[in-house]
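First comes the structure, then the notes that go with it.
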Amino acid sequence: MDRYERIIALHRTLQAARRPVTVGHLQDELGCSRATVYRDIAFLRDGLMAPVIGDGEAGFSYDKAESERFELPGLWLSSEELHALVAAQQLLARSSGGMLSAALAPLQQRIDKLLDAHSGGKRWPLERIRVIPHRTRRLDEHTFRIVASAVLERRRLGFDYRARSTDEKTHRSVSPQRLTHYRDNWYLDCWDEEREALRSFSVDRIASGRLLDGHARDVVDADLNAHLSASYGIFSGTPKGWATMRFSTKAARWVAEEHWHSQQQGHFLADGRYELKLPYSNPRELLMDVLQHGADVELVEPKALRMQLRTLLQLAISNYEDAP
56 MDRYERIIAL HRTLQAARRP VTVGHLQDEL GCSRATVYRD IAFLRDGLMA PVIGDGEAGF
116 SYDKAESERF ELPGLWLSSE ELHALVAAQQ LLARSSGGML SAALAPLQQR IDKLLDAHSG
176 GKRWPLERIR VIPHRTRRLD EHTFRIVASA VLERRRLGFD YRARSTDEKT HRSVSPQRLT
236 HYRDNWYLDC WDEEREALRS FSVDRIASGR LLDGHARDVV DADLNAHLSA SYGIFSGTPK
296 GWATMRFSTK AARWVAEEHW HSQQQGHFLA DGRYELKLPY SNPRELLMDV LQHGADVELV
356 EPKALRMQLR TLLQLAISNY EDAP
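Heads up: the sequence shown runs through residues 56 to 379, numbered per the numbering used here.
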């Protein structure tokens, strides 16, 4: 490793150590010579003002009274950590459709400087990090920032909302609780003051957002989770029942490794199929997901939900009855 990475490793080793670390151990840890260990210790202590105590015989350590307050100045990352940061930054920048490009510009500048410091003048092939957004919705950056500010600053929020299902426009005054990212889209979980109930709103349908006077009402996490996370998908509410699905042996291989819901129950059947049970409230999203698996899944229970799915399949088939 180069000196930059050795200093990071040395700092973390001394910070985590409960007793003095010998020079021999540091040589093995850093992969360098004895003389290099002493030079790095001197730079860490004298150049970066780290609370290093000890000597080469007894070993080195951080002064316990000072170690909790000391951190390396600036942003120090190993090559692997920097690579992961670059990948995460590219994911955030590209998956947001450019919405957060202005907000991310200062971070990108810092990352560029770190990349230059590590690359030795070589160009980093950022095009090799590929991000393909899927079914994302177009967000207004100004609206997103106001919503995020209301959530984090615990401020009341007012906005106009146009429902996707009915296209009805309403005015809402809410106490924001959480900003939720679900399936490449953003949702605002909040307490609706007029309806006196918890609601979730798709941020892309919010317009004319503005911070209102007064602090947001806080709803305890247990109540939020009971209402907003108890059922399958983004739709809120107390579960109406449990749905049972059985996946073909072909689909079972990957469905068994998927996370559908925090309370899901799944097991393999004797014939190799996979049975999955989960709670639901509004069945719309669940039915759409079942339909995506086509002939590789059977919705077994409840009977009413099974009949709904059968009706949807019949309607879909009717679109192709005249096809040659």
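The C-beta atom is built at its ideal place from N, Cα and C for all residues, glycine as well.
Problem - Buried or exposed (CB count within 10 angstroms, at least 16 for buried), Arg124 - result: Residue 124 sits at position 69 when you count from the first residue of the sequence shown. So Arg124 ends up on the exposed side.
Problem - In chain order, each alpha helix (DSSP H) run of at least 4 residues that lies wholly inside the stretch 251-308 - result: Along the length of the stretch 251-308, whole alpha helix (DSSP H) runs at least 4 residues long occupy 276-283, reported in chain order.
Problem - Environment of Ile261 [buried if 16+ CB atoms lie within 10 Å] - result: By one-based count along the sequence shown, residue 261 stands at place 206. With 16 or more other Cβ atoms inside 10 Å of its own Cβ, Ile261 counts as buried.
Problem - For Arg211 and Leu266, the rounded distance between their alpha carbons - result: Walking along the sequence shown from the start, residue 266 turns up at place 211. Walking along the sequence shown from the start, residue 211 turns up at place 156. In this structure, the straight-line span from the alpha carbon of Leu266 to that of Arg211 is close to 6 Å.
Practice task
Using the Cα positions of Ser317 and Ala285, report the straight-line distance between them to the nearest angstrom.
Solution key: As a working mapping, residue 317 is identified with position 262 in the sequence shown. As a working mapping, residue 285 is identified with position 230 in the sequence shown. Their backbone Cα atoms lie some 8 Å apart in a straight line.
Handout entry: Beta-carbon gap between Arg219 and Ser257 smaller than 8 Å
Key = The residue labelled residue 219 in the question sits at position 164 within the sequence shown. The residue labelled residue 257 in the question sits at position 202 within the sequence shown. Taking 8 Å as the cut-off, the Cβ atoms of Arg219 and Ser257 count as close.
Practice task
Report the rounded CA-to-CA distance for Arg328 versus Leu85, giving the unit in angstroms.
Solution key: In the sequence shown, counting from the first residue as 1, residue 328 sits at position 273. In the sequence shown, counting from the first residue as 1, residue 85 sits at position 30. Their backbone Cα atoms lie some 51 Å apart in a straight line.
Handout entry: Same chain only: Cβ atoms within 6 Å of Thr299, ignoring 5 sequence neighbours per side
Key = Taking the sequence shown and counting its residues from 1, the one referred to as residue 299 is at position 244. Contacts found: Lys332, Val355, Glu356.
Exercise for the section: Just tell me which of Thr304, Arg61, Phe199 has its CA closest to the CA of His236. Expected result: Translated into positions along the sequence shown, residue 236 becomes position 181. It is Phe199 whose Cα lies nearest to the Cα of His236.
Handout entry: N-terminal and C-terminal residue of the alpha helix (DSSP H) that Val345 is part of
Key = For the purposes of this step, residue 345 is taken as residue 290 along the sequence shown, with counting starting at 1. In the DSSP assignment, Val345 falls within the alpha helix (DSSP H) that extends over 339-347.
Exercise for the section: May I have the straight-line CA-CA distance separating Ala277 from Leu283, to the nearest angstrom? Expected result: Numbered from 1 along the sequence shown, position 222 holds the residue referred to as residue 277. Numbered from 1 along the sequence shown, position 228 holds the residue referred to as residue 283. When rounded, the distance between both Cα atoms is 10 Å.
Exercise for the section: Tell me Trp241's beta-bridge partners as DSSP assigns them. Expected result: Within the sequence shown, residue 241 is the residue found at index 186, counting from 1. In DSSP, Trp241 forms a bridge with His236.
Exercise for the section: Could you tell me whether the stretch 105-116 touches the stretch 139-147, using the rule of 3 or more Cβ pairs below 8 Å? Expected result: The stretch 105-116 is not in contact with the stretch 139-147.
Exercise for the section: May I ask which residues mark the beginning and end of the alpha helix (DSSP H) holding Ser116? Expected result: Residue 116 sits at position 61 when you count from the first residue of the sequence shown. Where Ser116 is concerned, there is no enclosing alpha helix (DSSP H), although the beta strand (DSSP E) it sits in stretches over 114-117.
Exercise for the section: Determine the closest residue to Leu81 out of Phe302, Arg73, Ala71, Leu65, with distance taken between C-alpha atoms. Expected result: On the sequence shown, position 26 is the one that residue 81 refers to. Among Phe302, Arg73, Ala71, Leu65, the Cα nearest to that of Leu81 is on Leu65.
Practice task
Specify the secondary structure class of Thr191 as computed by DSSP and reduced to three states.
Solution key: Here residue 191 refers to the residue found at position 136 when the sequence shown is read from its first residue. In the structure shown, Thr191 sits in coil (DSSP, three-state: anything other than H, G, I, E or B).
Handout entry: Sequence-distant residues of its chain with Cβ nearer than 8 Å to Ser303 (five each side left out)
Key = Numbered from 1 along the sequence shown, position 248 holds the residue referred to as residue 303. Result list for Ser303: Arg328, Ala350, Asp351, Val352, in chain order.
Practice task
Could you please give the first and the last residue of the uninterrupted alpha helix (DSSP H) stretch that includes Ile108?
Solution key: Position 53 of the sequence shown, counting from 1, holds the residue named residue 108. Careful: Ile108 lies outside any alpha helix (DSSP H), inside the beta strand (DSSP E) at 107-110.
Handout entry: Residue from Arg227, Val92, Ile289 with nearest C-alpha to Met343
Key = The residue labelled residue 343 in the question sits at position 288 within the sequence shown. When each option's Cα is compared against that of Met343, the closest is Ile289.
Handout entry: Where Glu376 falls: helix, strand or coil (DSSP)
Key = Against the sequence shown, residue 376 aligns to sequence position 321. Under the three-state reduction of DSSP output, Glu376 falls in the coil class, being neither helix nor strand.
Exercise for the section: Select from Arg250, Gly213, Tyr117 the residue whose C-alpha is nearest the C-alpha of Ser263. Expected result: Mapped onto the sequence shown, residue 263 falls at position 208. Answer by Cα proximity: Gly213.
Exercise for the section: Could you say which of Glu126, Gly269, Ile187, Ser230 lies nearest to Ile63 if we only look at CA atoms? Expected result: Translated into the one-based positions of the sequence shown, residue 63 becomes position 8. Comparing C-alpha distances from Ile63 to each of Glu126, Gly269, Ile187, Ser230 shows the shortest one belongs to Glu126.
Practice task
Take His77 and list the residues in its own chain whose beta-carbon comes closer than 7 Å to its own, dropping the five residues that flank it on each side.
Solution key: As a first step, residue 77 must be located in the sequence shown, where it is residue number 22. Position check: residue 77 holds Thr in this sequence, whereas His was assumed. If the five residues before and after Thr77 are omitted, its C-beta is found closer than 7 Å to the C-beta atoms of Gly114, all from its own chain and listed in chain order.
Problem - Range of the contiguous alpha helix (DSSP H) that encloses Gln70 - result: As a working note, residue 70 is residue 15 in the sequence shown. Counting along the chain, Gln70 sits inside the alpha helix (DSSP H) bounded by residues 58-71.
Problem - Alpha-carbon to alpha-carbon, Leu137 and Arg183 - result: Within the sequence shown, residue 183 is the residue found at index 128, counting from 1. Within the sequence shown, residue 137 is the residue found at index 82, counting from 1. Straight across, the Cα-Cα distance linking Arg183 with Leu137 is about 15 Å.
Exercise for the section: Pick helix, strand or coil for Arg227, following the three-state DSSP scheme. Expected result: By 1-based counting over the sequence shown, the position of residue 227 is 172. Reduced to three states, the DSSP call for Arg227 is strand.
Practice task
Look up Val355 in the DSSP assignment and say whether it is helix, strand or coil.
Solution key: Locating residue 355 in the sequence shown gives position 300, where the first residue counts as 1. If DSSP states are grouped into helix, strand and coil, Val355 belongs with the strands.
Handout entry: Minimum C-alpha distance to Thr191 - residue among Asp259, Glu248, Asp57, Glu340
Key = Taking the sequence shown and counting its residues from 1, the one referred to as residue 191 is at position 136. Distances from the CA of Thr191 to each of Asp259, Glu248, Asp57, Glu340 were compared; the closest alpha carbon is that of Asp259.
Handout entry: Where Arg61 falls, given that 16 or more other Cβ within 10 Å makes a residue buried
Key = Stepping through the sequence shown from its first residue, residue 61 is reached at position 6. When all chains shown are included, Arg61 counts as buried.
Handout entry: Paired residues, beta bridge with Tyr93 - DSSP
Key = Position 38 of the sequence shown, counted from the first residue, corresponds to residue 93. In the DSSP output, where bridge partners are listed per residue, Tyr93 has none listed.
Exercise for the section: Name the residue from Cys245, Gly296, Pro106 whose alpha carbon lies nearest to the alpha carbon of Lys358. Expected result: Residue 358 sits at position 303 when you count from the first residue of the sequence shown. Sorting Cys245, Gly296, Pro106 by C-alpha distance to the C-alpha of Lys358 places Gly296 at the top.
Practice task
Specify, as a first and last residue, the run of the alpha helix (DSSP H) that His80 falls within.
Solution key: Within the sequence shown, the letter at position 25 stands for residue 80. Looking at the DSSP string, the run of the alpha helix (DSSP H) that includes His80 is 78-85.
Handout entry: Bounding residues of the alpha helix (DSSP H) (the contiguous stretch that carries Arg200)
Key = Counted from its first residue, the sequence shown places residue 200 at position 145. Secondary structure note for Arg200: its alpha helix (DSSP H) is the uninterrupted segment 196-208.
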